[in-house]
Each structure stands twice: as C-alpha cells, then as structure tokens.
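Read top to bottom, the protein sequences are chains A and B. With the first letter of the first sequence counted as 1, position 118 gets the number 122 in my numbering; the numbers rise by one all the way through. With the first letter of the second sequence counted as 1, position 299 gets the number 303 in my numbering; the numbers rise by one all the way through. Glycine included, C-beta positions come from ideal geometry on N, C-alpha and C. Below is one structure, written out as structure tokens; comments come after it.
There are 2 protein chains.
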Amino acid sequence: MARAAPRPPEDDMARRQADEPAGLRARFGPDEPLVLDAGVALSPFQIAYQTYGRLNAEKSNAVLVCHALTGDQHVASDNPVTGKPGWWEIMIGPGKPIDTDRYFVICSNVLGGCMGTTGPASADPATGEAYGLTLPLITIPDMVRAQAMLVKRLGIDTLFCVLGGSMGGMQVLQWAAEYKDMVFSALPIATSAKHSAQNIAFHEVGRQAIMADPQWRGGRYLVEGARPSAGLAVARMAAHITYLSDMALHRKFGRRFQDRDAPTFSFDADFQVESYLRYQGEAFVERFDANSYLYVTRAMDYFDIAADHGGSLAKAFAGTKTRFCIVSFTSDWLFPTADSRQVVHALNAAGASVSFAEIASDKGHDAFLLDEPELFAITRGFLDAAARARGLAGPAG
Amino acid sequence: MARAAPRPPEDDMARRQADEPAGLRARFGPDEPLVLDAGVALSPFQIAYQTYGRLNAEKSNAVLVCHALTGDQHVASDNPVTGKPGWWEIMIGPGKPIDTDRYFVICSNVLGGCMGTTGPASADPATGEAYGLTLPLITIPDMVRAQAMLVKRLGIDTLFCVLGGSMGGMQVLQWAAEYKDMVFSALPIATSAKHSAQNIAFHEVGRQAIMADPQWRGGRYLVEGARPSAGLAVARMAAHITYLSDMALHRKFGRRFQDRDAPTFSFDADFQVESYLRYQGEAFVERFDANSYLYVTRAMDYFDIAADHGGSLAKAFAGTKTRFCIVSFTSDWLFPTADSRQVVHALNAAGASVSFAEIASDKGHDAFLLDEPELFAITRGFLDAAARARGLAGPAG
Numbered sequence: 005m006a007r008a009a010p011r012p013p014e015d016d017m018a019r020r021q022a023d024e025p026a027g028l029r030a031r032f033g034p035d036e037p038l039v040l041d042a043g044v045a046l047s048p049f050q051i052a053y054q055t056y057g058r059l060n061a062e063k064s065n066a067v068l069v070c071h072a073l074t075g076d077q078h079v080a081s082d083n084p085v086t087g088k089p090g091w092w093e094i095m096i097g098p099g100k101p102i103d104t105d106r107y108f109v110i111c112s113n114v115l116g117g118c119m120g121t122t123g124p125a126s127a128d129p130a131t132g133e134a135y136g137l138t139l140p141l142i143t144i145p146d147m148v149r150a151q152a153m154l155v156k157r158l159g160i161d162t163l164f165c166v167l168g169g170s171m172g173g174m175q176v177l178q179w180a181a182e183y184k185d186m187v188f189s190a191l192p193i194a195t196s197a198k199h200s201a202q203n204i205a206f207h208e209v210g211r212q213a214i215m216a217d218p219q220w221r222g223g224r225y226l227v228e229g230a231r232p233s234a235g236l237a238v239a240r241m242a243a244h245i246t247y248l249s250d251m252a253l254h255r256k257f258g259r260r261f262q263d264r265d266a267p268t269f270s271f272d273a274d275f276q277v278e279s280y281l282r283y284q285g286e287a288f289v290e291r292f293d294a295n296s297y298l299y300v301t302r303a304m305d306y307f308d309i310a311a312d313h314g315g316s317l318a319k320a321f322a323g324t325k326t327r328f329c330i331v332s333f334t335s336d337w338l339f340p341t342a343d344s345r346q347v348v349h350a351l352n353a354a355g356a357s358v359s360f361a362e363i364a365s366d367k368g369h370d371a372f373l374l375d376e377p378e379l380f381a382i383t384r385g386f387l388d389a390a391a392r393a394r395g396l397a398g399p400a401g
Numbered sequence: 005m006a007r008a009a010p011r012p013p014e015d016d017m018a019r020r021q022a023d024e025p026a027g028l029r030a031r032f033g034p035d036e037p038l039v040l041d042a043g044v045a046l047s048p049f050q051i052a053y054q055t056y057g058r059l060n061a062e063k064s065n066a067v068l069v070c071h072a073l074t075g076d077q078h079v080a081s082d083n084p085v086t087g088k089p090g091w092w093e094i095m096i097g098p099g100k101p102i103d104t105d106r107y108f109v110i111c112s113n114v115l116g117g118c119m120g121t122t123g124p125a126s127a128d129p130a131t132g133e134a135y136g137l138t139l140p141l142i143t144i145p146d147m148v149r150a151q152a153m154l155v156k157r158l159g160i161d162t163l164f165c166v167l168g169g170s171m172g173g174m175q176v177l178q179w180a181a182e183y184k185d186m187v188f189s190a191l192p193i194a195t196s197a198k199h200s201a202q203n204i205a206f207h208e209v210g211r212q213a214i215m216a217d218p219q220w221r222g223g224r225y226l227v228e229g230a231r232p233s234a235g236l237a238v239a240r241m242a243a244h245i246t247y248l249s250d251m252a253l254h255r256k257f258g259r260r261f262q263d264r265d266a267p268t269f270s271f272d273a274d275f276q277v278e279s280y281l282r283y284q285g286e287a288f289v290e291r292f293d294a295n296s297y298l299y300v301t302r303a304m305d306y307f308d309i310a311a312d313h314g315g316s317l318a319k320a321f322a323g324t325k326t327r328f329c330i331v332s333f334t335s336d337w338l339f340p341t342a343d344s345r346q347v348v349h350a351l352n353a354a355g356a357s358v359s360f361a362e363i364a365s366d367k368g369h370d371a372f373l374l375d376e377p378e379l380f381a382i383t384r385g386f387l388d389a390a391a392r393a394r395g396l397a398g399p400a401g
C-alpha cells in the first residue's frame with residue numbers, strides 16, 4: 005500500500021482543533037489506509053498523541069509508552085477530560101525513571117479508544133454519524149500498526165524503547181515481534197503474550213453488563229442520544245476488583261463500615277469497599293465510551309502472539325536483536341508471573357537478550373501504576389544500560 | 005418468646021401444597037415469631053426443607069446440611085424446578101459419604117431464599133403482595149435461628165452433625181458458636197468466619213448489576229409483572245468466575261473458539277468460555293429470584309462471628325464440646341485456606357477438638373461440590389469417628 009513521506013510533528017501540532025481535547029493529532033487519509041486484521045481497510049483515521057521531552061538530532065532517543073485498557077495519551081501531563089494528573093507522572097518527567105530531560109516520550113491513544121484516536125465514538129465519514137458497532141473490530145496488532153504509522157510520520161526509524169503495562173505490555177510484545185528493526189529495547193510490565201480464559205471471562209462479564217443496559221441501544225446510543233452509564237459502571241466495578249489484590253482490598257478497606265460502626269441493614273453502600281467501588285464506576289462513565297470498552301476488551305481477548313506464529317511464541321521472536329526486560333508482580337492475579345515466565349522462556353529460546361524481575365508487592369495488578377520503588381529502579385537501570393549500548397548521551401546537565 | 009410443643013415432621017408433610025414446589029414446609033405462626041438481627045420480628049414465616057433417611061428412635065442420627073448462596077433444600081433428590089439431580093447427590097445417599105442408610109439428613113432452604121422458605125418473593129401477609137425490599141434484611145445468624153426452630157419442631161435436641169460448604173459453612177460455624185449444646189460435630193468446608201473485602205466487592209458488583217436493570221423496578225418487579233433477568237444474569241456470570249480457579253477455566257476452555265478455529269471479529273460468544281458463562285447466566289435466571297440474590301449476598305457480607313463476640317473468634321467458640329473438621333482447597337481463591345486456618349487457630353485457642361485438611365485441588369471454590377475423592381474420604385472418616393463417639397450403630401446391613 006502507498007505510503008506518504010514522513011512529515012515532521014509540527015504538521016500535526018498545527019492541526020489542533022478547538023472542539024477536541026487538547027493534544028496532537030496525526031491524520032491518515034485515503035492514501036494511507038490501515039488494513040485491519042478483520043480484513044477491511046480503515047480510512048481515513050486519526051491518532052491522538054502527546055509527546056514529552058525533545059527528539060534529538062539523531063532521532064535515537066524516542067520512547068513509546070503504550071497505555072492500558074482505559075488509559076490514554078495523557079501519560080505525563082494533566083488530562084483535559086478529568087483535570088487529573090497524567091496516569092504515569094510518577095514514572096515519567098524531568099529526572100524521573102523515564103527522564104524527559106533525556107528521552108523523547110510519545111504516547112498515543114489506541115485505535116478503538118475514545119480520546120481522539122479513531123474509535124467507535126468517532127464519526128464514520130460515510131454517514132457523518134458515530135460508527136458504533138459498524139466500526140470493524142480492532143486487534144492489538146492493529147493498534148500497533150497504527151502506532152508504527154505514527155512513529156514513521158514523526159520521522160523516527162527506530163524507537164529507543166517501547167514500554168507499557170498490562171494491555172500496554174501486550175502492545176510492547178507485539179511491537180517486538182512485528183517490528184523487530186524498529187525496537188531497540190522493550191520493557192513489557194505485568195502482561196502476557198495471550199489473554200487467559202479467566203481474563204476473557206471477566207471481560208465478557210463487562211461486555212454483557214454494557215449490552216444488557218437498555219440505554220446501549222444495540223450500540224447506537226450516541227446517535228440516539230442515550231448513554232449506557234449503568235451498564236458501563238457495573239463493567240468497571242467488576243474489572244476494578246481484578247486490578248487489586250485480596251490483600252490490597254483488605255488493607256485499604258477491610259470490613260470497615262462507611263460513616264458508622266454497624267450495618268444499616270439495607271442495600272446502601274454500608275462497607276467502605278462498596279462505596280469505593282461505586283465511586284470507581286461513576287467516575288469511569290464520565291470519561292470513557294461504552295463501545296470503546298467493548299472494542300478494547302475484545303482486542304485484548306483476541307491477543308495471542310503464538311497463535312499468529314504457528315503456535316510458537318519463540319518463533320514470533322526469532323531473530324530479534326531487541327534488549328528485553330520483563331517485569332511482573334507477585335500479587336498480580338490478572339497477569340500472574342507465570343505469564344511473564346512464558347515470555348521469558350520464549351525469548352530465551354529465541355536467543356534474545358532478556359532480563360526478568362518479579363517484584364514483591366501486595367498491590368496486585370495495579371502495582372505497575374503505583375509507587376513501587378523497585379519498578380522505578382529497574383526501569384531507570386534498564387534504560388540507562390540500553391542508552392549506553394545505544395550510544396545516547398548521559399542525563400542532561 | 006412462647007414456643008409450641010415439637011410436632012413430628014408428618015404434620016408438615018401433610019401440608020404440602022399443590023401451588024408450591026414439592027417438599028416439606030414448617031410453618032411458624034404468630035405464636036412463634038423470629039426476631040431478626042435487623043431488630044424486627046418476622047411472623048408468620050415458613051421453612052421449606054427436605055429429609056433423607058430415617059430419624060432413629062433416639063433422634064441421635066440427624067445431619068443438617070446447610071446450602072450455599074444459590075443452593076436449596078433439594079440436596080439429594082431431583083430438583084422440581086430445574087428437573088436436575090440434587091446439588092450434592094455425589095455426597096449424600098445410600099452408601100455414600102453421608103450415608104442415608106445410617107443418618108437422617110435434613111436440608112432446609114435458607115431464610116431469604118426463593119425455594120419455599122420465606123424470602124423477598126414471598127407474599128407479605130400484611131399486603132398480600134410480594135415483600136420485595138420491604139422484607140427486613142436477613143443475616144446468617146437469622147438463617148441459623150430459623151433452622152434451629154425447624155430442628156426443634158422436628159423433635160431433635162442435638163444434631164449429630166452440621167455441615168456445608170461456602171455460605172453453608174458459615175452457617176455451620178454460626179451453629180457451633182450459637183447452639184453449642186445442639187451440635188455434636190461440625191464440618192465447615194471452603195468457608196470463612198467472616199466475609200473478606202474482596203468477596204464483599206464481588207457481591208456488590210452483582211447487586212449493582214441487578215439494581216441497574218430497569219426491570220428491577222426498585223425491587224417491585226414481581227408486583228409490577230417485570231423480571232430483572234439481564235441484571236441477574238450478569239451478576240451470576242461475575243460470581244461464577246469466582247467459583248472456579250484460573251487453572252480450571254484454562255483446562256476446561258483455554259482460548260478455544262466456539263464452533264470454529266478463528267475469531268469472528270464480532271461481539272458474539274466467540275470463545276467457549278464466553279458461551280459457557282452466558283449459559284450460566286441464562287440458566288440461573290430461570291431458577292433464582294433477583295431480590296433473594298440481594299438478600300442472601302448481603303447476609304454473607306455481614307457475616308463476622310468475631311465481631312459478634314467482642315472481636316474474638318476464640319471467644320465465640322469458648323466452652324465448645326463440638327468435634328470439628330475444617331476443610332479447604334488449595335485453589336480456592338474465594339475462601340482461601342488462610343480463612344480456614346483462622347478458624348482452626350480460634351478453635352485451638354478455645355480448646356476444641358479440631359482436625360484440619362487442606363485438599364490439593366485445582367478446581368477452585370466449587371471443588372466442594374465436585375468429584376473430590378479426598379473430600380469424600382475425609383467426610384466419611386470424620387462422620388464414622390463421630391458416630392463411634394456418639395454411640396451410633398454402624399452402617400445398616
């Protein structure tokens with residue numbers, strides 16, 4: 005398929021529109037369609053992204069951060085929708101483990117998302133109405149293909165590092181398998197090379213909760229002026245439990261009652277953990293599109309790198325020269341360490357350079373987003389060593 | 005409160021009504037109110053139950069089986085609603101671990117349930133309409149108090165054994181704490197003396213799914229001719245995942261597709277695990293009342309024996325002469341072995357006779373309902389030894 009010459013990011017920066025959340029947009033027109041795994045071409049489409057730090061003259065210091073299921077491109081600066089800090093500001097910024105004085109950080113909203121990149125809430129150019137379920141299904145490889153088009157558009161031939169946790173880690177693995185020459189180093193965190201039956205099951209519960217909401221309207225809620233908020237909130241609540249460990253919930257809430265010492269003998273949010281979950285559900289529907297939730301969970305369910313390579317994960321990584329660091333957390337039961345070990349074994353079988361760390365934490369899957377000094381030290385150390393190997397300059401100053 | 009003289013079970017057998025599922029009913033009139041933990045008296049009310057085997061002349065061979073969240077009294081014979089075998093026929097019957105040639109087995113539907121015992125779907129005598137949410141909240145101690153009234157009605161002073169798994173095990177522990185003289189032996193399986201924050205969280209998701217369904221109608225769906233089936237199905241799906249282990253789901257379904265080898269790129273039930281879950285949800289709404297689900301999950305959430313005894317679980321069991329056997333399963337993450345160990349430690353501190361077995365199984369919480377030879381052997385052996393101590397005759401024949 006025809007590919008336009010790379011254009012500098014300034015082109016896109018100039019295209020910011022007042023009617024969209026602040027940020028950068030890369031638009032791909034009829035001359036640059038994206039052929040999806042579902043077998044159809046998506047065109048036109050756009051990718052919303054943010055950048056932090058400066059791309060050096062050699063274009064050798066670009067770090068691509070891949071976000072998780074409900075994340076977005078606002079990784080290290082205020083989110084214009086929620087007004088909250090970026091979702092990984094603890095990790096990314098001047099002097100932080102991913103040091104923006106040193107690296108040029110790119111983070112783009114995934115295909116199928118709802119923060120500016122083309123997704124089911126975007127207008128279908130053929131009708132002018134929101135796609136809804138008429139958007140073809142999206143896969144993790146599709147998301148990565150779109151990111152690769154963005155990276156090329158930015159004039160970058162090789163990413164210094166691709167990293168991310170959870171679904172972000174799936175994208176990292178897909179990058180490493182599919183674009184071997186474009187990935188100098190890769191840091192997949194709390195992730196897996198395929199989604200497990202249990203994880204598919206939890207996602208299916210969330211989807212059924214959304215689709216059971218009459219306000220979902222067969223996916224046409226945006227066109228019909230409705231919102232399946234109740235169903236989406238239930239989906240979020242169920243998922244949120246899986247992000248935390250039993251121990252984290254025990255420590256945070258235990259069996260403590262809300263506002264009093266005894267039960268109310270009602271179905272009010274008696275326990276603090278109930279109140280917390282309800283809040284999580286309510287806050288989520290303010291910032292996320294229900295159909296995007298269907299699309300992105302489905303993408304994770306379909307993810308299975310080995311299946312795409314004749315059943316062999318090692319084959320997927322054959323010939324790789326990427327430097328890998330794999331990280332898992334002891335209390336993560338959504339993407340348990342065993343999943344990471346499978347990736348490590350496959351990389352070893354492929355002769356890759358790989359280090360592996362299982363971090364002791366009782367915070368569950370969400371540990372990758374939280375204050376985990378060992379994760380910060382590992383990330384900083386891995387990037388430092390890769391930078392030396394890449395011949396990058398040391399920290400600025 | 006006044007108590008009527010015990011009547012033989014035949015009295016109730018005569019009262020079977022054609023408009024209710026086949027089975028026994030014990031009715032408690034205005035002279036026998038049940039004072040609930042919520043602070044109000046429930047009267048009149050009824051308990052639906054089944055019996056298997058024969059009560060001996062000494063009335064010393066009665067075994068009370070307590071059912072789990074969505075179980076019922078049809079433990080060892082066909083269920084008249086579903087047409088399926090009793091839920092624990094693998095365990096209970098002639099020559100089986102709980103040998104009905106030897107023991108008189110009683111199983112009653114819990115208070116708040118929907119299989120004949122008074123619950124939110126029962127008619128409020130004051131209005132003639134289904135209670136819905138006007139029924140006071142029910143606790144596990146309330147359920148056990150109602151069972152104790154049934155046992156006394158049957159003329160039984162001491163139960164040879166009280167046993168059950170999951171919420172059934174909670175009732176066993178409550179029996180042992182509250183009716184020390186009535187319980188010769190107790191076998192709580194895969195259970196806990198208090199519900200964890202994670203378990204409360206999962207229950208809250210289920211309740212929110214039901215209450216989010218517009219057909220729930222604020223709990224008045226029966227009066228208004230509606231049914232919150234979609235919400236109840238989602239609740240069941242979410243809960244069902246917690247009954248199985250990650251490994252059991254992997255072994256049963258893995259990532260296998262339904263009916264074909266490749267994804268459909270749709271939101272159909274592509275994976276076998278999705279189809280299975282949807283079926284579980286659909287089948288459940290055919291047999292269970294949504295408000296009962298709210299009430300019974302709430303009862304489990306409130307359960308905390310230690311809290312009812314000044315914060316000390318050992319104090320709850322002080323002075324007990326009951327013989328205990330505690331059983332857990334290695335892959336049960338809903339009621340993990342740590343929960344059982346806490347009970348064992350408290351019983352030891354109370355000077356009780358207690359044995360403990362953690363059974364190696366990868367089937368998850370539901371292992372207690374499945375073909376687990378070690379569970380059968382432990383149950384048979386524990387009952388045999390207790391029978392000798394009780395001076396019961398050996399197996400018939």
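(Q) Please tell me whether His330/B and Ser344/B are closer than 8 Å, where the distance is taken between their beta carbons. (A) Numbered from its first residue, the second sequence carries residue 330/B at position 326. Numbered from its first residue, the second sequence carries residue 344/B at position 340. Correcting the residue identity first, residue 330/B is Ile in this sequence and not His. Cβ distance < 8 Å, so Ile330/B and Ser344/B count as in contact.
Q: Could you work out which residues of chain A lie near Val140/B, taking near to mean beta carbons separated by less than 9 Å?
A: Here the question's residue 140/B lines up with position 136 in the second sequence. Looking at the sequence provided, one finds Pro at residue 140/B rather than Val. Per Cβ cutoff of 9 Å: Phe269.
Q | Beta-carbon contacts of Asp41/B that lie in its chain and below 7 Å, excluding the five residues immediately before and after | A | Mapped onto the second sequence, residue 41/B falls at position 37. Around Asp41/B: Thr143, Pro145, Asp146.
**Q.** Status (buried if at least 16 other CB within 10 Å, exposed otherwise) for Leu236/A
**A.** Residue numbering aside, residue 236/A sits at position 232 when the first sequence is read from its first letter. Burial call: buried.
Q | Pair within 8 Å by beta-carbon distance, Gly97/A and Ala125/A | A | Within the first sequence, residue 97/A is the residue found at index 93, counting from 1. Within the first sequence, residue 125/A is the residue found at index 121, counting from 1. Not closer than 8 Å, so no.
Q) CA-CA distance, Pro13/B and Ala342/A? A) Here residue 13/B corresponds to residue number 9 of the second sequence, with the count starting at 1. Here residue 342/A corresponds to residue number 338 of the first sequence, with the count starting at 1. Confidence in Pro13/B is poor, its pLDDT being 39 and thus under 50, which makes the residue's placement unreliable; the coordinate value appears in the next sentence. Approximately 55 Å, taken between the alpha carbons.
Q) How about Ser189/B and Thr326/B: are their beta carbons less than 8 Å apart? A) Taking the first residue of the second sequence as 1, we reach residue 189/B at position 185. Taking the first residue of the second sequence as 1, we reach residue 326/B at position 322. Taking 8 Å as the Cβ cut-off, Ser189/B and Thr326/B qualify as a contacting pair.
Q. What residues are listed by DSSP as bridge partners for Phe32/A?
A. Residue numbering aside, residue 32/A sits at position 28 when the first sequence is read from its first letter. Per DSSP, Phe49/A.
Q) Using a Cβ-Cβ cut-off of 6 Å (strictly less than) and excluding sequence neighbours within five positions of Val300/B, which residues of its own chain qualify? A) Against the second sequence, residue 300/B aligns to sequence position 296. Excluding sequence neighbours, Val300/B sits near Leu73, Gly116.
Q | chain B residues whose Cβ lies nearer than 7 Å to that of Leu253/A | A | Looking up residue 253/A in the first sequence gives position 249. Correct list: Ala201, Gln202, Ala205.
Q | Opening and closing residue of the alpha helix (DSSP H) in which Ile214/A lies | A | Walking along the first sequence from the start, residue 214/A turns up at place 210. Note, Ile214/A: alpha helix (DSSP H), 201-216.
Q. From the DSSP output, which residues share a beta bridge with Pro192/B?
A. For the purposes of this step, residue 192/B is taken as the residue at position 188 of the second sequence. BP columns for Pro192/B point to Gly168/B.
(Q) By the 8 Å beta-carbon criterion, what residues does the segment 279-300 of chain B contribute toward chain A? (A) Leu281, Arg282, Gly285, Leu298
Q) I think Pro129/B touches Pro48/B, with their Cβ atoms under 8 Å apart; what is that distance to the nearest whole Å? A) As a working note, residue 129/B is residue 125 in the second sequence. As a working note, residue 48/B is residue 44 in the second sequence. Confirmed, Cβ separation roughly 6 Å.
Q: May I ask whether a heavy atom of the ligand ADP can be found less than 7 Å away from the beta carbon of Pro192/B?
A: For the ligand ADP, the structure offers nothing, since it holds no ligand at all.
Q: Out of Leu351/A, Phe206/A, Gly398/A, Gly368/A, point me to the one whose CA is closest to Phe275/B's CA.
A: Here residue 275/B is taken as the residue at index 271 of the second sequence, counted from 1. That would be Phe206/A, whose Cα lies nearest to the Cα of Phe275/B.
**Q.** Spatial neighbours of Phe378/B in its chain, beta-carbon cut-off 7 Å, leaving aside the 5 residues before and after
**A.** As a first step, residue 378/B is located in the second sequence; it is residue number 374 there, counting from the start. In the sequence as displayed, the identity of residue 378/B is Glu instead of Phe. Here the set comprises Ile363.
**Q.** Rounded straight-line distance, which links the Cα of Asn60/A to that of Ala381/A
**A.** The count along the first sequence starts at 1 and reaches residue 381/A at position 377. The count along the first sequence starts at 1 and reaches residue 60/A at position 56. Computed Cα separation, rounded: 24 Å.
Q. By Cβ distance below 6 Å, which residues in the same chain neighbour Thr86/A in space, the five residues on each side in sequence not counted?
A. Reading the first sequence from its first residue, position 82 is the one you call residue 86/A. Arg291.
Q | Burial state of Phe386/B, where buried means 16 or more other Cβ atoms lie within 10 Å | A | Within the second sequence, the letter at position 382 stands for residue 386/B. Flag for Phe386/B reads buried.
Q: For Ala81/B, name the three-state secondary structure that DSSP assigns.
A: Within the second sequence, residue 81/B is the residue found at index 77, counting from 1. It is Ser, not Ala, that sits at residue 81/B in the sequence shown. DSSP places Ser81/B in coil when its eight states are reduced to three.
Q: Evaluate contact between the segment 132-140 of chain A and the segment 214-227 of chain A, counting only Cβ atoms and requiring at least three cross-stretch pairs below 8 Å.
A: yes
Q. By the 10 Å Cβ neighbour count, where 16 or more other Cβ atoms means buried, how is Pro89/A classified, buried or exposed?
A. Taking the first sequence and counting its residues from 1, the one referred to as residue 89/A is at position 85. With fewer than 16 other Cβ atoms within 10 Å, it is exposed.
Q. Got a sec? Which residues, its chain only, sit under 8 Å from Phe288/B by beta carbon, not counting five neighbours each side?
A. Along the second sequence, one-based indexing puts residue 288/B at 284. The residues are Thr74, Leu236, Ala237, Arg240.
Q: Could you check which residue in Gly27/A, Ile160/A, Gly57/A, Ile51/A has the C-alpha nearest to that of Lys63/A?
A: In the first sequence, the residue the question calls residue 63/A occupies position 59. Selected option, being the one with the closest Cα: Ile160/A.
Q. Exposed or buried, what is Gly173/B when buried is set at 16 or more other beta-carbons lying within 10 Å of its beta-carbon?
A. Along the second sequence, read from residue 1 onward, the residue named residue 173/B stands at position 169. Per the 10 Å Cβ criterion, buried.
Q: Answer with yes or no whether the minimum CB distance from Asp250/B to chain A is below 8 Å.
A: Stepping through the second sequence from its first residue, residue 250/B is reached at position 246. Chain A contact via Cβ: present.
(Q) Would Ala6/B pass as an interface residue toward chain A - the criterion being a Cβ-Cβ separation below 8 Å? (A) Position 2 of the second sequence, counted from the start, is the residue given in the question as residue 6/B. Interpretation of Ala6/B is limited by its pLDDT of 37, a score under 50 that renders its predicted location unreliable; the figure taken from the coordinates is listed afterwards. Chain A, which has no Cβ nearer than 8 Å to the Cβ of Ala6/B, makes this no.
**Q.** DSSP three-state assignment for Thr121/A, whether helix, strand or coil
**A.** Here the question's residue 121/A lines up with position 117 in the first sequence. In this structure, Thr121/A counts as coil in the three-state DSSP scheme.
Q. Quick one, which of Phe271/B, Val347/B, Phe372/B has its alpha-carbon nearest His199/B's?
A. The residue labelled residue 199/B in the question sits at position 195 within the second sequence. That would be Val347/B, whose Cα lies nearest to the Cα of His199/B.
Q. Helix, strand or coil for Pro25/A per DSSP?
A. Taking the first residue of the first sequence as position 1, residue 25/A is located at position 21. Bear in mind that the predicted position of Pro25/A carries a pLDDT of just 49, short of 50, making it unreliable; the figure below should be weighed with that in mind. Pro25/A sits in coil when the DSSP states are folded into three classes, being neither helix nor strand.
Q) Can you tell me where the alpha helix (DSSP H) with Phe372/A in it begins and where it stops? A) Here residue 372/A corresponds to residue number 368 of the first sequence, with the count starting at 1. It is not in any alpha helix (DSSP H) - Phe372/A carries neither H nor E in the DSSP assignment.
Q: Pull up the distance between the alpha-carbon of Ala393/A and that of Phe164/A, whole angstroms please.
A: By 1-based counting over the first sequence, the position of residue 393/A is 389. By 1-based counting over the first sequence, the position of residue 164/A is 160. In a straight line, the C-alpha of Ala393/A is about 10 Å away from that of Phe164/A.
Q | Cβ-based contacts, 8 Å cut-off: residues of the segment 37-63 of chain B near chain A | A | Within the segment 37-63 of chain B, the residues whose Cβ lies closer than 8 Å to some Cβ of chain A are Asp41, Ala42, Gly43, listed in chain order.
Q: Consider the Cβ of Leu245/B: report whether some Cβ of chain A lies at a distance smaller than 8 Å.
A: Numbered from 1 along the second sequence, position 241 holds the residue referred to as residue 245/B. For the record, residue 245/B in the displayed sequence is Ile; it is not Leu. Yes, Ile245/B lies at the interface with chain A (some Cβ there is under 8 Å from its Cβ).
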